[in-house]
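S.K.: Below is one structure. I have some questions about it.
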Ligand code: MN
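Numbering (our numbering), first residue to last: 12 to 249.
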């Protein structure tokens with residue numbers, strides 16, 4: 012049986028006013044390409060429903076999206092904080108806790124790495140440009156697939172094994188980033204300006220987060236798909 016991977020989505024209103032959930036096809040296609048079944052998740056489940064979902068899914072792909080409410084890491088909002096989605100925050104928080112408690116695999120992208128890091132007890136920059144000196148351009152104006160800045164990968168990390176090298180170039184569409192990595196998380200990629208671009212848990216079998224958007228790169232650079240393949244390969248299945 013194919014493995015079932017939960018894919019988080021964004022709340023979205025169509026031009027005709029219909030509200031729904033949106034997950035980019037690049038995410039779900041990457042999971043299909045890796046041999047598993049993606050399931051875009053509803054928003055608004057709580058408590059026992061979230062626990063049941065965590066029991067039934069083999070892996071969780073936390074996708075990109077709007078900013079996490081800084082209340083989740085103990086801060087008041089600064090003026091440069093972007094849009095926040097309280098319903099999405101609440102469910103992703105519970106679901107991430109449920110996955111970590113079960114030691115089930117998580118692959119966390121962009122907003123996702125920020126959610127995992129905050130759930131595990133780390134902090135974020137609400138706005139890099141305001142809160143950290145001398146940062147590079149992390150909101151590129153080049154096409155989505157274009158690798159715009161370099162990151163150095165930590166020797167011996169899962170990422171270094173996945174890419175077979177310790178320096179790669181990545182795309183960049185974030186104004187937030189991890190400030191302090193959560194206890195039990197290793198920083199596994201850093202940009203030249205010191206911005207944390209990836210982490211992995213040392214306490215869990217497979218919990219990996221990246222700040223960039225590999226889903227928009229893998230069709231142009233096949234090696235990038237290894238991130239999705241390795242994640243799916245580490246999911247339990249039945
Ligand atoms: Mn970046």
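Even for Gly, the Cβ is constructed at its ideal location relative to N, Cα and C. Note that the coordinates shown come from a computational prediction; the quantities given were computed from them, not determined experimentally.
1. Can you give me the C-alpha to C-alpha distance between residue 171 and residue 215, rounded to a whole angstrom?
2. Where does the unbroken alpha helix (DSSP H) through residue 88 begin, and where does it stop?
3. How do the stretch 146–163 and the stretch 97–105 stand: do at least 3 beta-carbon pairs fall below 8 Å, yes or no?
4. Does residue 139 come out as helix, strand or coil in the three-state DSSP assignment?
5. The alpha helix (DSSP H) with residue 41 in it runs from where to where?
6. Label residue 74 either buried or exposed according to how many other C-beta atoms from any shown protein chain fall within 10 Å of its C-beta, with 16 as the threshold for buried.
7. With C-beta atoms as the reference, is residue 212 less than 9 Å away from residue 206?
8. Take residue 66 as the anchor and find which of 46, 106, 226, 35 has the nearest alpha-carbon.
9. Is the CB-CB distance between residue 56 and residue 64 below 9 Å?
10. Give me the pocket residues for ligand 1, defined as CB within less than 5 Å of any heavy atom, sorted by chain position.
11. Along the chain, where does the alpha helix (DSSP H) containing residue 59 start, and where does it finish?
12. When burial is assigned at 16 or more other CB atoms within 10 Å of the CB, is residue 58 buried or exposed?
13. Let me know if residue 148 comes out buried or exposed under the rule of 16 or more other beta-carbons within 10 Å of its beta-carbon.
14. For the stretch 177–195 against the stretch 37–51, do three or more pairs of beta-carbon atoms, one drawn from each stretch, fall closer than 8 Å, so that the two count as touching?
15. With distances taken from CA atoms, which of 90, 115, 167 is nearest residue 246?
16. Can you find at least 3 beta carbon pairs, one from the stretch 219–230 and one from the stretch 130–147, that sit closer than 8 Å?
17. How big is the Cα-Cα spacing for residue 50 and residue 162?
18. Helix, strand or coil for residue 31, going by three-state DSSP, please let me know.
19. Which runs of the alpha helix (DSSP H) fall wholly inside the stretch 144–199 and span at least 4 residues, in chain order?
20. Please work out which residues of its chain come closer than 8 Å, Cβ to Cβ, to residue 23, disregarding the five sequence neighbours upstream and downstream, and give them in chain order.
21. In whole angstroms, give me the CA-to-CA distance for residue 235 and residue 159.
M.R.: Taking the definition as stated:
1. Answer to the nearest angstrom: the Cα atoms are 18 Å apart.
2. Neither: residue 88 is in no alpha helix (DSSP H) and is coded neither H nor E.
3. Not touching, per the Cβ criterion.
4. Residue state, collapsed to three classes: helix.
5. Note, residue 41: alpha helix (DSSP H), 36–44.
6. Buried.
7. Using a Cβ distance threshold of 9 Å, residue 212 and residue 206 do not count as a contacting pair.
8. Restricting attention to 46, 106, 226, 35, the CA atom closest to the CA of residue 66 is found in 106.
9. Their beta carbons are under 9 Å apart, which means residue 56 touches residue 64 by this criterion.
10. Those residues are 149, 183, given in chain order.
11. Element bounds for residue 59: 58–67.
12. Classification of residue 58: exposed, given that the 10 Å Cβ count is below 16.
13. It is exposed - the Cβ of residue 148 has fewer than 16 other Cβ atoms within 10 Å.
14. No, the stretch 177–195 is not in contact with the stretch 37–51.
15. Cα-wise, what sits closest to residue 246 is 115.
16. With fewer than three CB-CB distances shorter than 8 Å, the stretch 219–230 does not count as touching the stretch 130–147.
17. Answer to the nearest angstrom: the Cα atoms are 31 Å apart.
18. Collapsing the DSSP output to three states places residue 31 in a strand.
19. Every alpha helix (DSSP H) stretch that sits fully inside the stretch 144–199 and reaches 4 residues is listed by chain position as 169–174.
20. In the same chain as residue 23, and ignoring 5 residues on each side of it, the C-beta atoms closer than 8 Å to its own belong to 30, 31, 32, 33, in chain order.
21. Between residue 235 and residue 159, the C-alpha separation is close to 15 Å.
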